[in-house]
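There are 2 protein chains.
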Amino acid sequence: MNASEFRKRGKEMVDYIADYIEEIEKRQVYPNVEPGYLRPLIPDSAPQEPETFEEILKDVEKIIMPGVTHWHHPHFFAYFPTANSFPALLADMLSGGLGCIGFSWASSPAYTEMEMVMLDWLGKMVNLPPQFLAGKDGEGGGVIQGTASEATLVALLAARTNAIKRVHTANPELTQGDILSRLVAYSSDQAHSSVEKAGLIAGVKIKQVPTDEKFAVCGSALQKTVDEDKAADLIPFFFCATLGTTASCAFDKILELGPVCNKENIWMHIDAEYAGSSFICPEFQYLLDGVEFADSFNFNPHKWLLVNFDCSTMWVKKRRDLTCAFKIDPPYLKHDHQESGLITDYRHWQIPLGRRFRSLKMWFVFRMYGVKGLQEYIRKHVKLAHEFEVLVRQDDRFEICADVILGLVCFRLKGSNKLNETLLKSINDARKIHLISCHLREKFVLRFAICARTVESVHVQFAWKHIEKLATELLRAPLQQQ
Amino acid sequence: MNASEFRKRGKEMVDYIADYIEEIEKRQVYPNVEPGYLRPLIPDSAPQEPETFEEILKDVEKIIMPGVTHWHHPHFFAYFPTANSFPALLADMLSGGLGCIGFSWASSPAYTEMEMVMLDWLGKMVNLPPQFLAGKDGEGGGVIQGTASEATLVALLAARTNAIKRVHTANPELTQGDILSRLVAYSSDQAHSSVEKAGLIAGVKIKQVPTDEKFAVCGSALQKTVDEDKAADLIPFFFCATLGTTASCAFDKILELGPVCNKENIWMHIDAEYAGSSFICPEFQYLLDGVEFADSFNFNPHKWLLVNFDCSTMWVKKRRDLTCAFKIDPPYLKHDHQESGLITDYRHWQIPLGRRFRSLKMWFVFRMYGVKGLQEYIRKHVKLAHEFEVLVRQDDRFEICADVILGLVCFRLKGSNKLNETLLKSINDARKIHLISCHLREKFVLRFAICARTVESVHVQFAWKHIEKLATELLRAPLQQQ
Numbered sequence: 071m072n073a074s075e076f077r078k079r080g081k082e083m084v085d086y087i088a089d090y091i092e093e094i095e096k097r098q099v100y101p102n103v104e105p106g107y108l109r110p111l112i113p114d115s116a117p118q119e120p121e122t123f124e125e126i127l128k129d130v131e132k133i134i135m136p137g138v139t140h141w142h143h144p145h146f147f148a149y150f151p152t153a154n155s156f157p158a159l160l161a162d163m164l165s166g167g168l169g170c171i172g173f174s175w176a177s178s179p180a181y182t183e184m185e186m187v188m189l190d191w192l193g194k195m196v197n198l199p200p201q202f203l204a205g206k207d208g209e210g211g212g213v214i215q216g217t218a219s220e221a222t223l224v225a226l227l228a229a230r231t232n233a234i235k236r237v238h239t240a241n242p243e244l245t246q247g248d249i250l251s252r253l254v255a256y257s258s259d260q261a262h263s264s265v266e267k268a269g270l271i272a273g274v275k276i277k278q279v280p281t282d283e284k285f286a287v288c289g290s291a292l293q294k295t296v297d298e299d300k301a302a303d304l305i306p307f308f309f310c311a312t313l314g315t316t317a318s319c320a321f322d323k324i325l326e327l328g329p330v331c332n333k334e335n336i337w338m339h340i341d342a343e344y345a346g347s348s349f350i351c352p353e354f355q356y357l358l359d360g361v362e363f364a365d366s367f368n369f370n371p372h373k374w375l376l377v378n379f380d381c382s383t384m385w386v387k388k389r390r391d392l393t394c395a396f397k398i399d400p401p402y403l404k405h406d407h408q409e410s411g412l413i414t415d416y417r418h419w420q421i422p423l424g425r426r427f428r429s430l431k432m433w434f435v436f437r438m439y440g441v442k443g444l445q446e447y448i449r450k451h452v453k454l455a456h457e458f459e460v461l462v463r464q465d466d467r468f469e470i471c472a473d474v475i476l477g478l479v480c481f482r483l484k485g486s487n488k489l490n491e492t493l494l495k496s497i498n499d500a501r502k503i504h505l506i507s508c509h510l511r512e513k514f515v516l517r518f519a520i521c522a523r524t525v526e527s528v529h530v531q532f533a534w535k536h537i538e539k540l541a542t543e544l545l546r547a548p549l550q551q552q
Numbered sequence: 071m072n073a074s075e076f077r078k079r080g081k082e083m084v085d086y087i088a089d090y091i092e093e094i095e096k097r098q099v100y101p102n103v104e105p106g107y108l109r110p111l112i113p114d115s116a117p118q119e120p121e122t123f124e125e126i127l128k129d130v131e132k133i134i135m136p137g138v139t140h141w142h143h144p145h146f147f148a149y150f151p152t153a154n155s156f157p158a159l160l161a162d163m164l165s166g167g168l169g170c171i172g173f174s175w176a177s178s179p180a181y182t183e184m185e186m187v188m189l190d191w192l193g194k195m196v197n198l199p200p201q202f203l204a205g206k207d208g209e210g211g212g213v214i215q216g217t218a219s220e221a222t223l224v225a226l227l228a229a230r231t232n233a234i235k236r237v238h239t240a241n242p243e244l245t246q247g248d249i250l251s252r253l254v255a256y257s258s259d260q261a262h263s264s265v266e267k268a269g270l271i272a273g274v275k276i277k278q279v280p281t282d283e284k285f286a287v288c289g290s291a292l293q294k295t296v297d298e299d300k301a302a303d304l305i306p307f308f309f310c311a312t313l314g315t316t317a318s319c320a321f322d323k324i325l326e327l328g329p330v331c332n333k334e335n336i337w338m339h340i341d342a343e344y345a346g347s348s349f350i351c352p353e354f355q356y357l358l359d360g361v362e363f364a365d366s367f368n369f370n371p372h373k374w375l376l377v378n379f380d381c382s383t384m385w386v387k388k389r390r391d392l393t394c395a396f397k398i399d400p401p402y403l404k405h406d407h408q409e410s411g412l413i414t415d416y417r418h419w420q421i422p423l424g425r426r427f428r429s430l431k432m433w434f435v436f437r438m439y440g441v442k443g444l445q446e447y448i449r450k451h452v453k454l455a456h457e458f459e460v461l462v463r464q465d466d467r468f469e470i471c472a473d474v475i476l477g478l479v480c481f482r483l484k485g486s487n488k489l490n491e492t493l494l495k496s497i498n499d500a501r502k503i504h505l506i507s508c509h510l511r512e513k514f515v516l517r518f519a520i521c522a523r524t525v526e527s528v529h530v531q532f533a534w535k536h537i538e539k540l541a542t543e544l545l546r547a548p549l550q551q552q
C-alpha cells in the first residue's frame, strides 16, 4: 500500500469510524459469542499473497464486530468509562504517522518536552500543589504511564529503593535480602487488584487496611496496623491510598492518612484512577484535600477525561525518587545533553523503554474541548448518576449501597445475594444494557457506571425501566428459582 | 467535535500524514533544538474555551515538527528500525475508534481471540516449535506485550515464582526471603539494559556472562558461571539469551546454551527483539535453531515487521507459568466463562491490566503484505546492509567491527576512540544523516542500521559518500583536533 492508496483507504476508515460511533445504538451492546468463536472463522495461517483492503474491511464486520463489547454504546454501564473522543483519535492518528520512539530526549525532543508541559497543564487543572509540577526548574513533575497498575508499581519500586537505602544506612549490618523480607506495604481492603500485583512483582508483603462503614480507610486504622507491624519487627514503607475505589467509588481519608505516613516515613501514593478526572471541577477538588502529604499521585485521563487509552498520568514531588530506582544508561542510549541536568529521559520513570507520543492526545483534547468543555462533560455524568440514584431510591424494593459522589451508583434488590446474582444475570443475558457487579462486605451489589460519551437522560431512563421490569419478573417467579 | 466534523478533520489528517511520509526527505532528519525549546512556545496552562482544529494543526508544524527526530526519513540509520506502515496505521485508527479495553475475555471477546490466533500465525511464520502455539487445546501460546522490556520482566517473574516454589518444596525450612536472596539470573554482557532493569525490579541478582570474540555467549561460558555460583551457594534460575544484540546484532549460541539451561533447571528466555522478524525468511531460520530448549521467546514486530509500535510478541511453552505468577481475580472482573478453562484472560500474562486491540495491526499487516511481501521487505534491508558493508570494506581507512548478518553494520575508522567520537559528532552535527554509536569491548564503534521502510540503495550510497567526506576532512585536520 502506497501513500496514495492510504489517502483513499484512510478516508474510508475515517467514515467507517464515524459511522460506527453515530450508529452504535443499532448494535447489541454485549456480544453473545462463545469462547473460541473466532478461530474457525479465519484461516489457520497467514496468507502468502497480499489481500485487498476491501476484503479485510468486510471481515471486520463479519468476524470482529460480533465479538466486540461496545464500550461506547450509551447502554454500556459496566466497569468504569474508558475515553473515546474525536480530538484524541485525531492525535493518535498523527502520533502513529510520526511513529517515533521517545525513550530519550534525543530520540525525539518534542515527545519529551510536550509531555512535561502537558503534565503541568493537567496538574494545574486539578489544582495539584506546585511541588508536583516540573515548571522550568522544579524537582517534581509528571509522566504518562500506560496504566494505573504501572503507576502503582513504579511508586512502590521507588519507595522500596528509598526504604532499603534508609534502613541500610542506619543498619549497615543488614543485607538487602534481610531488609526486603521485613518491608511491608499497605492499601485499603477496597483497593484495586493492581496493588496486590505490584507487591507480588516487587517481592514485598502487602497488607490490606480495614475500611470503615463508608468503605474508606481512616488514619487510625492505618496507624493501628503500622503499630502492630512495627512491634512485630516489620518495616512499613508504602501506603497506596485510593480516591474512588473500583467497587464503590469510596474515598480514603487522605487528610488523616497523610500525616500518619509522613510521620512514619511511609511513601504515600494516591491512586485516583477514575475519580481524578473530576478534580478539574472546583466543586470536586475538596476530594483531593490532603494530596499535599503524598509523594506520588496518579489518575487516568483515559478513563474519564476524553483522552483515549492509554494515558495514565502520574506526578511525583521528587523526580529523583523515580530515576534513582531505575536509572541504567547503556552507551547506545547516551546523547549530548544527557549530563547537562536540563533534560528529562522518561525511560527512567517507567518499566518499558519505548514510548509513543501520548501527550499529543492531551494537547488536542484540552485545546479542542477547553477546560470548560471538559468540566461540563464531567458534570453531565455526575448528574446522570444522581438521576439514576433517585430512580432507585423511589423503588422500595431496591437499596443504594454506597454514597453516590461521582458517576457510579451501587445498588441491589433488598434480599439475598442469590436474588441479585440472578437479577444481574438476567440483565446481561437480555443484552439490552451491560452492567457488572461487585462485593461490598458480604453483599453482592450491582454497579451502574455512567460510561459512554454520548449517554443522556433517555438512556438512563431506559436502563432503569428495563432493570425494574426484569426485577418485577424475577420477584414474581416461583421462589425456588430465586 | 461531532462525528460530521470528525469526517472532515479525519480526512485532512489522513492527507497530512500521507504528505508527511511522501515528503519526509524535505525535512531535516535530526532536529537542532535545545533542551527546553518547547515550553516557551505554548501557554502556561490549558485554555478555558475550545480552540479550532486549524489552530492546532498549524501549531503542529510550528511547535512539534521542529523537535521531531524523523525515524522514517530514509537518512535515519540510528538505533534499530521502528515499524511504520499504512496497513498498521489503518488498523490503529480502527482500534482507537472501537476503543475497548480488553483486560478479560468478556470485556471484548474479539480482542482476546484475535490475539491468540495472530500469535499462532506469526509463530508459524517464524517456524516456532508447536509447543509454543495455543491452537485449540495447546498448553502454550503467545501474547502481545508493550515492549521487549516487559516480556523479559514477565519471563523473569514467572521463572522466579517457579524457582521459589521448587526450592521451597525441597527445603521447606527456607523462607521466601532466604530463597530470593540466593537466586541469580544471567544474561550476556552484550544484553540489552532492560535485563538489568528487570533484575532490579524483581529484586534478584543479575550476572553478565562473558561473550566470545563474536560477542556471543557460548555454552561453556554459562556452565562455568553456573558452576561457580552453585559452589557459592547461589541458585541459578534464569538465563536471557539474546539473538541479535543491540550493540552489534550478535547471536548467543542457543544450541549449546539450551541444554545447559534444561539440565540446570534454568528458565531460558530468548530475546530476539530486532532479529526475530527476519526469521520469517527460511534462509534466516537457522539463527533460531535451539529455540526448542527455551521456555519463552520474544521479538518485536514493531521493530522490523511493519507493525507499528507497540507490538512485542512473546510465546511460552506453558501458559500456566505466566498466569500462576500473576493471577489475581477480584470479583469485579469475574465473568461467566472464567472457570470453564476455555478462555484466555490476557491480564494474567502481563504487568498492566488494560489492553488495546493491538492484534488488529498484525491482522491488517499480514494480510495486506502477505508473507511474501514481508519477506521481500526483510531481504531488501539485509541486502542494503551488505551494500554498505562492501563500501566500508573498500575504504581501507575503515574497519568492520562485527559480522554483518542482518540489517546492521558496525564500523569505525582505524584509529583512536577519540577519532571515531569526533567523526560521529561531525556526522550528527551536519544533520544530513543520523547514526548512533556503541561500545564493543574497548572500542567506540559507529552503528549503521537500515531503518526506514522507504530506504533504497541511493540513500545508502548518499550516506556513505557523506561519511567518507567527513572522514577525509577529519583526517586532514591538524592532529590536535583529533
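As you go down the protein sequences, you meet chains S and V in turn.
Residues in the first sequence are numbered consecutively from 71, following my numbering.
Residues in the second sequence are numbered consecutively from 71, following my numbering.
Ideal Cβ placement from N, Cα and C applies to all residues, glycine included.
Interface flag for N241 of chain V against chain S is unset, since no Cβ pair is found closer than 8 Å.
Between Q118 of chain V and chain S, the shortest Cβ-Cβ separation is below 8 Å. Its chain contains C288, G289 as the residues whose beta carbon lies nearer than 7 Å to that of E326 of chain V, once the 5 sequence neighbours on both sides are disregarded; these appear in chain order. With the rule of 3 Cβ pairs closer than 8 Å, the stretch 175 to 193 of chain S counts as touching the stretch 130 to 143 of chain V. Residues of the same chain with a CB within less than 8 Å of the CB of Y447 of chain S, apart from the 5 flanking positions on each side, are L376, Y439, R523 in chain order. One Cα belongs to R236 of chain S, the other to L516 of chain V, and the distance between them is close to 42 Å. Y107 of chain S: not part of any alpha helix (DSSP H); DSSP gives it neither H nor E. According to the DSSP secondary-structure assignment, L510 of chain S is paired through a beta bridge with S:K513. Every alpha helix (DSSP H) of 4 residues or more that sits fully in the stretch 422 to 464 of chain S is shown, in chain order, as 429 to 463. By the C-beta criterion, the stretch 157 to 167 of chain S is judged to be in contact with the stretch 420 to 439 of chain S, since at least 3 inter-stretch pairs fall below 8 Å.
In this structure, the straight-line span from the alpha carbon of L357 of chain V to that of L494 of chain V is close to 31 Å.
For Q445 of chain S, the number of other beta carbons within 10 angstroms of its own is at least 16, and it is reported as buried. Fewer than three beta-carbon pairs drawn from the stretch 185 to 197 of chain V and the stretch 118 to 126 of chain S are found closer than 8 Å, and the two stretches are therefore not classed as touching. Excluding sequence positions up to five before and after G208 of chain S, its CB lies within less than 8 Å of the CB of P200, Q201, all in the same chain and listed in chain order. Between the alpha carbons of L108 of chain V and L160 of chain V lies a gap of roughly 30 Å. Distance check between S174 of chain V and each of V:R417, V:S527, V:F468 places V:R417 closest, using alpha-carbon atoms only. For the stretch 255 to 288 of chain S, the set of positions with a beta-carbon nearer than 8 Å to some beta-carbon of chain V reads H262, S263, S264, E266, K267, L270, I271, A272, G273 in chain order.
Closest in C-alpha terms to F156 of chain V, from the list S:F514, S:Q246, S:F76, comes S:F76. The stretch 359 to 370 of chain S makes no contact with the stretch 257 to 269 of chain S, as fewer than three CB pairs between them are under 8 Å.
Its Cα nearest to that of A342 of chain V, the residue V:F150 stands out among V:I305, V:F150, V:C471. Under the 8 Å criterion on CB atoms, I214 of chain S is classed as non-interfacial with respect to chain V. Rounded to the nearest whole angstrom, the CA to CA distance from T316 of chain S to T492 of chain S is 22 Å. With respect to A455 of chain S, G477 of chain S sits close: the two C-beta atoms are nearer than 8 Å.
The beta carbon of H142 of chain S sits closer than 8 Å to some beta carbon of chain V. A distance below 6 Å between beta-carbons, with the five flanking residues on each side excluded, links N197 of chain V to the following residues of its chain, in chain order: Q355.
Bridge partners of N368 of chain S according to DSSP: S:D341, S:M384.
About 7 Å separates the Cβ atoms of A153 of chain V and F379 of chain V, confirming a contact at the 8 Å cut-off.
For T182 of chain S, the closest of S:K431, S:A301, S:T414 by C-alpha to C-alpha distance is S:T414. Residues of chain V with a Cβ closer than 9 Å to the Cβ of F396 of chain S are, in chain order, K267, L270, I271. Along the stretch 139 to 171 of chain V, going in chain order, the ones with a CB nearer than 7 Å to a CB of chain S are T139, W141, H142, T152, N154, F156, P157, L159, L160, D162, M163, L164, G166, G167, L168, G169, C170, I171. The count of Cβ pairs closer than 8 Å, one atom from the stretch 524 to 534 of chain S and one from the stretch 293 to 308 of chain S, stays below three, leaving the stretches out of contact. Contact residues of the stretch 330 to 344 of chain S toward chain V are absent (C-beta to C-beta distance below 8 Å). Around the beta carbon of V130 of chain S, 16 or more other beta carbons lie within 10 angstroms, which makes this residue buried.
Judged by DSSP secondary structure, Y256 of chain V falls outside any alpha helix (DSSP H) and instead within the beta strand (DSSP E) spanning 253 to 258. Counting along the chain, no beta strand (DSSP E) covers R546 of chain V; the unbroken alpha helix (DSSP H) around it starts and ends at 527 to 546.
In the structure shown, the three-state DSSP call for I413 of chain V is coil.
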